[in-house]
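Undergrad: To start, I am sharing the structure in question, which I have written as structure tokens.
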Amino acid sequence: MKRWRFLLGFGSETGQSKSIAQGMVDIASEQHQICADMFELDEVDKQFKLEEEPVMVIITSSTGDGEPPSNASKFWRKIRREKNSKLLSHMKYTILGLGDTNYSTFCNCGRVLDRRFEELGATRFYPSAWADDAVGLDLIVEPWLQGFWPALKETLMKLNTSTETSINNLSESINQLNLTQEIKPTVNRQLSSSNKFKSNQDNITYSSTLAEMTTLTLPPKSSHSLSIKLIESSEDKNQLPVDSHYHISALIRRECLTHDTAIKPVMSIELQLSEEEFLFEAGDAIKIVCANDENEVNLLLKRLEWMDKASHQLDISLSPDNTKKSAKIPTYIPPMCSLRYALTNCIDIRSSPRKNLLRLFVDCTTDEDEKRRLEELCSREGSDIYIKYILEEHLSILDILNHFPSCKPDVAMLIEFLPQLIPRFYSVCSSSLDDARSIKFVYSALKFEALNGRTYERFGVCTNWLNNITIGTKILIQTRISQHFRLPLTLDTPLIMIGPGTGVAPFIGFLEHLYLSSKSIAGFDVNNLHTWLFYGCRHRQRDFLFEEQIQMYQQINILKHLFVAASREEGYPFRYVQDQLKANGHELANLIYNRNAIVYVCGDIKTMVRDVRETIVHILQEHSDITNIDEYMKSLETSRRYLLDIWS
Ligand SMILES: Cc1cc2nc3c(=O)[nH]c(=O)nc-3n(C[C@H](O)[C@H](O)[C@H](O)COP(=O)(O)OP(=O)(O)OC[C@H]3O[C@@H](n4cnc5c(N)ncnc54)[C@H](O)[C@@H]3O)c2cc1C
Ligand SMILES: Cc1cc2nc3c(=O)[nH]c(=O)nc-3n(C[C@H](O)[C@H](O)[C@H](O)COP(=O)(O)O)c2cc1C
């Protein structure tokens, strides 16, 4: 008998939507016996046809400034341009949008698709939802998924969307769907009278409310489908991850841009590209393929008791007793590599284990108190604790294993359930006019204390890796072409560039580009430029990034106005860039309102982005006759005159 099915389309830039969609495929098949056909949205008209799909679920993020991710742009254009208002009248759908409320275009891609699906006649079978990466996607995703499955089953049943049409099979399918009773495996493991965690009073291993519960609702146990064989004789080869979408570059310079006494060191990096055809422009970002920290990998290998065989090659395959239809060997792990290689280069060992993995850990744990606590952490009743103490504190797999010493998970299980190590983005701070084979960016190194359940001190994965690699190391990179965060075509458009800290990076690229253009393009008159830079640091003597270069641009008239804020300097009147914006409010309002200036905001401080926007609103209200400021700001955004490039 064929199974009930639905179409699951995803659009993902950095892998989060894809990972949620993949999890749904597994749950659909294992827990509900439903087939979810999962495709990138841009596979439309190749792998699936909208006209033929009775039920469609979309999981998509937004990127750029409310744009679709790169694997959903064709789908986006198709849906937006479609004229036939009945095209989707046969379809039931729902959308889970992923976004970030720091963008005024929060979940724009999902929201626009939601509206268009309705306009094209489709009916929502379950409310669409918008998950916010700024506060944690799971706050919305978890409850949304809980309600999703019963709604989907009911819809499929009503639609009779069995791929098999015989009446007998249909009733069998309905029975299979188990509509009346949601699957809620429960457990009532008794607490041992001398619960070893009770005296800990530590939030990861003990909470009195959960400890007192006699019954817990657990997620159903996922089956695991991978098996690994160890090829004893072979040693690891030191290979660069293979991916044809990336270019090979080499690290040729790393420099510290801050004084020794700076609170946060900022480094600059220069990469030499091995190919001519790598295209980038100021305003773009590059994606860097990085690796996990060697010491952290060693700690994990030790904890898994794999140190002695860590460099031997693994043969990863689907286990012979695998029953999971959607099972596949992760494509991001080479078929023959060592566990050390996989943990270093392919797997995100920092990510917090999801609840389905914690559920599997229960069966790999011998101590009863530890088992019970793991059950609590993955139970429905323990959701708040799980979010607060595991997700929000960013506990890694190693932290969890350290808290539960009798847990001895199988390595194949970790390979299957931990996500892929995702490349990191960095804003380019150079111009290709200088040397198209050299690319520069800056980063600030991150460090997280061993606190609040984190059992060891750690550093940002990529920034730590960039700090430690040797000159000459080969690095895989890819450009992320910016749709709008670019210099305008006309020279005399005023540019208001607001970039505290490393947020100044793209503006250094802009200024360098203007400088090199002024030297190479006949008729380029620097007097036509109207460039305003608002920069912020802690102490001008310690962490004023690119100070000399910026001053040089000022001297040669490329940069017309520079305003610096310093947040930790006693007596200095401008603490934040907003203070400098306010002090220049009259001029700025004139530039924006009367002279069509473009405002660029870049940086890593989320509150800064909100505060800058509020300040601009305030300035415009005070110094212009705008009556509807919300509408005006919206028009600035839609006409691409208020542009953001932010990260956390
Ligand atoms: C378009 C774009 C451009 C960017 N440009 C730049 C740039 O020019 N310069 C720059 O420096 N960065 C830039 N970034 C950010 C950059 O991509 C990385 O996110 C940043 O360098 C941190 O990466 P990491 O691997 O070192 O840190 P990670 O290991 O990824 O750690 C950072 C993450 O840790 C999490 N975290 C927070 N608190 C804790 C804690 N207590 N314990 C553990 N984890 C915690 C945070 O959620 C954060 O996501 C940009 C990002 C984007 C999207
Ligand atoms: C460069 C960049 C631009 C983004 N732009 C937006 C945006 O315009 N609107 C929004 O709601 N979220 C935006 N986000 C947030 C992402 O949509 C969010 O982090 C999401 O969880 C990413 O999911 P993905 O990994 O599937 O792409 C942006 C994120 C990045 C890195």
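Heads up: the sequence shown begins at 140 in my numbering, then just goes up one per residue. Ideal placement from N, C-alpha and C gives every residue a C-beta, glycine not left out.
(1) What residue ranges within the region 445-510 form continuous beta strand (DSSP E) runs of no fewer than 3 residues, ordered along the chain?
(2) Relative to the C-alpha of Asp454, which candidate in Thr504, Arg597 and Ile367 has its C-alpha closest?
(3) CB Ile755 to CB Asn241, shorter than 8 Å?
(4) Quick one: what does DSSP say Asp176 is sitting in, helix, strand or coil?
(5) Tell me, which residues are paired with Phe564 by DSSP?
(6) Quick one: grab the DSSP three-state call for Ile610.
(7) Within its chain, find whatever has a CB closer than 7 Å to the CB of Glu514; leave out the 5 residues flanking it on each side and keep chain order.
(8) Might you give, ordered along the chain, the residues of its own chain that have their beta carbon closer than 6 Å to the beta carbon of Ser158, omitting 5 neighbours on each side?
(9) In its own chain, which residues sit with a C-beta less than 6 Å from the C-beta of Thr319, not counting the 5 before and 5 after it?
(10) Alpha carbon to alpha carbon, what distance is there between Val196 and Asp574?
(11) How about Lys292 and His171: do their beta carbons lie closer than 8 Å?
(12) Please go through the region 516-603 and give each complete beta strand (DSSP E) segment of 3 or more residues, from N-terminal end onward.
(13) With burial defined as no fewer than 16 other Cβ atoms inside 10 Å of the residue's Cβ, what is the status of Arg219: buried or exposed?
(14) For Gly162, report the span of its alpha helix (DSSP H) as first-last.
(15) Can you tell me where the alpha helix (DSSP H) with Trp143 in it begins and where it stops?
(16) Looking at C-beta atoms only, is the number of pairs between the region 567-585 and the region 519-526 that lie closer than 8 Å three or more?
(17) Could you have a look at Asp184 and say whether DSSP puts it in helix, strand or coil?
(18) Which parts of the region 624-699 are runs of the beta strand (DSSP E), unbroken and 3 residues or longer, counting only runs that do not cross its ends?
(19) State the start and end residues of the unbroken beta strand (DSSP E) segment that holds Gln411.
(20) Grab me the residues of Phe598's own chain with a C-beta within less than 8 Å of its C-beta, minus the 5 sequence neighbours each way, in chain order.
(21) Per DSSP, Tyr739 forms a beta bridge with which residues?
(22) Return the residue from the list Asn603, Arg254 and Arg714 that minimises the CA-CA distance to Asn434.
(23) Mind checking who Phe417 pairs with in its DSSP beta bridge?
(24) Does ligand 1 have even one heavy atom less than 7 Å from the beta-carbon of Leu585?
(25) Within the same chain, show all residues whose beta-carbon is closer than 6 Å to that of Ala736, passing over the 5 residues directly before and after it, in chain order.
(26) Quick check on the burial criterion: 16 or more other C-beta atoms within 10 angstroms. Buried or exposed for Lys510?
(27) Does the pairing of the region 620-630 with the region 414-426 give three or more beta-carbon distances under 8 Å?
(28) Please confirm whether Ala430 and Asn484 have their CB atoms less than 8 Å apart.
(29) From the DSSP output, in three-state form, read off Phe702 for me.
(30) Cβ-heavy atom distance between Lys157 and ligand 2 below 7 Å?
(31) Between which residues of its own chain and Arg261 is the CB-CB distance below 6 Å, once the five residues before and five after are set aside?
(32) So is Leu720 buried or exposed if we call it buried at 16+ other beta carbons inside 10 Å?
(33) Rounding to the nearest angstrom, what Cα-Cα distance links Phe187 and Cys246 in this structure?
(34) Quick check on Ile343: does DSSP put it in helix, strand or coil?
(35) To the nearest angstrom, how far is it from the Cα of Leu783 to the Cα of Ser407?
(36) From Leu655 to Ser571, what distance separates their C-alpha atoms?
TA: In short:
(1) DSSP runs (the beta strand (DSSP E)) wholly in the region 445-510: 451-457 and 475-477.
(2) In the sequence shown, residue 454 corresponds to position 315, counting from 1. Considering only alpha carbons, the answer is Ile367.
(3) For this step, residue 755 is matched to residue 616 along the sequence shown. For this step, residue 241 is matched to residue 102 along the sequence shown. It is not a contact, given that the beta carbons lie outside the stated cut-off.
(4) Here residue 176 refers to the residue found at position 37 of the sequence shown. DSSP places Asp176 in strand when its eight states are reduced to three.
(5) In the sequence shown, the residue the question calls residue 564 occupies position 425. Answer by DSSP bridge pairing, in chain order: Lys426.
(6) The residue labelled residue 610 in the question sits at position 471 within the sequence shown. When DSSP states are grouped into helix, strand and coil, Ile610 belongs to the coil group.
(7) Here residue 514 refers to the residue found at position 375 when the sequence shown is read from its first residue. Here Glu514 has Val326, Arg328, Leu355, Leu357 and Val501 as same chain residues with Cβ atoms under 7 Å from its own Cβ, once five neighbours each way along the sequence are excluded.
(8) Here residue 158 refers to the residue found at position 19 of the sequence shown. Around Ser158: Pro558.
(9) To locate residue 319, count along the sequence shown from 1; it is residue 180. Note that Thr319 scores 35 on pLDDT, short of 50, meaning its location in the model is unreliable and no value can be drawn from it.
(10) In the sequence shown, counting from the first residue as 1, residue 574 sits at position 435. In the sequence shown, counting from the first residue as 1, residue 196 sits at position 57. Note on geometry: alpha-carbon atoms of Asp574 and Val196 lie some 46 Å from one another.
(11) Indexing the sequence shown from 1 puts residue 292 at position 153. Indexing the sequence shown from 1 puts residue 171 at position 32. Result yes, Cβ atoms of Lys292 and His171 sit closer than 8 Å.
(12) Qualifying beta strand (DSSP E) stretches, in chain order: 563-566 and 577-583.
(13) As a working mapping, residue 219 is identified with position 80 in the sequence shown. Arg219 should be labelled exposed.
(14) Counting from 1 along the sequence shown, the entry for residue 162 is found at position 23. Boundaries of the alpha helix (DSSP H) harbouring Gly162: Gln155 to His171, taken from the DSSP string.
(15) By one-based count along the sequence shown, residue 143 stands at place 4. Careful: Trp143 lies outside any alpha helix (DSSP H), inside the beta strand (DSSP E) at Trp143 to Gly150.
(16) No, the region 567-585 is not in contact with the region 519-526.
(17) As a working note, residue 184 is residue 45 in the sequence shown. In the structure shown, Asp184 sits in coil (DSSP, three-state: anything other than H, G, I, E or B).
(18) Listed in chain order, the complete beta strand (DSSP E) runs (minimum 3 residues) inside the region 624-699 are 634-637 and 670-676.
(19) Counting from one through the sequence shown, the residue named residue 411 turns up at place 272. Val405 to Leu412 is the extent of the beta strand (DSSP E) around Gln411.
(20) As a first step, residue 598 is located in the sequence shown; it is residue number 459 there, counting from the start. So the qualifying residues of the chain are Asp432, Ala584, Leu585, Lys586, Phe587 and Asn606.
(21) For the purposes of this step, residue 739 is identified with residue 600 of the sequence shown, where counting begins at 1. In the DSSP output, where bridge partners are listed per residue, Tyr739 has Met636 and Leu782.
(22) Translated into the one-based positions of the sequence shown, residue 434 becomes position 295. Selected option, being the one with the closest Cα: Asn603.
(23) Taking the sequence shown and counting its residues from 1, the one referred to as residue 417 is at position 278. Phe417 is not bridged to any residue.
(24) The residue given as residue 585 occupies position 446 in the sequence shown. For ligand 1, at least one heavy atom lies less than 7 Å from the Cβ of Leu585.
(25) If you number the sequence shown from 1, residue 736 lands on position 597. Same-chain partners within the cutoff: Pro633, Ile635 and Leu730.
(26) Along the sequence shown, one-based indexing puts residue 510 at 371. Classification of Lys510: buried, given that the 10 Å Cβ count is 16 or more.
(27) Counting Cβ pairs under 8 Å, three or more are found: they touch.
(28) The count along the sequence shown starts at 1 and reaches residue 430 at position 291. The count along the sequence shown starts at 1 and reaches residue 484 at position 345. The answer is yes: Cβ separation under 8 Å.
(29) Working through the sequence shown from its first residue, we reach residue 702 at position 563. Correct three-state label for Phe702: strand.
(30) On the sequence shown, position 18 is the one that residue 157 refers to. True, at least one ligand heavy atom lies under 7 Å from that Cβ.
(31) Sequence index remark: in the sequence shown, residue 261 carries index 122 (1-based). Per the sequence presented here, residue 261 reads as Ala, with Arg not at that position. Excluding sequence neighbours, Ala261 sits near Leu227, Met230 and Tyr232.
(32) Within the sequence shown, the letter at position 581 stands for residue 720. Counting Cβ neighbours within 10 Å, Leu720 comes out buried, since at least 16 surround it.
(33) Within the sequence shown, the letter at position 48 stands for residue 187. Within the sequence shown, the letter at position 107 stands for residue 246. CA-to-CA, the gap between Phe187 and Cys246 works out to about 24 Å.
(34) Locating residue 343 in the sequence shown gives position 204, counting from the first residue. Coil, per DSSP.
(35) Translated into the one-based positions of the sequence shown, residue 783 becomes position 644. Translated into the one-based positions of the sequence shown, residue 407 becomes position 268. Looking at the two C-alpha atoms, the distance is approximately 22 Å.
(36) Position 516 of the sequence shown holds residue 655. Position 432 of the sequence shown holds residue 571. Each residue's CA atom was taken as its position, placing Leu655 and Ser571 some 10 Å apart.
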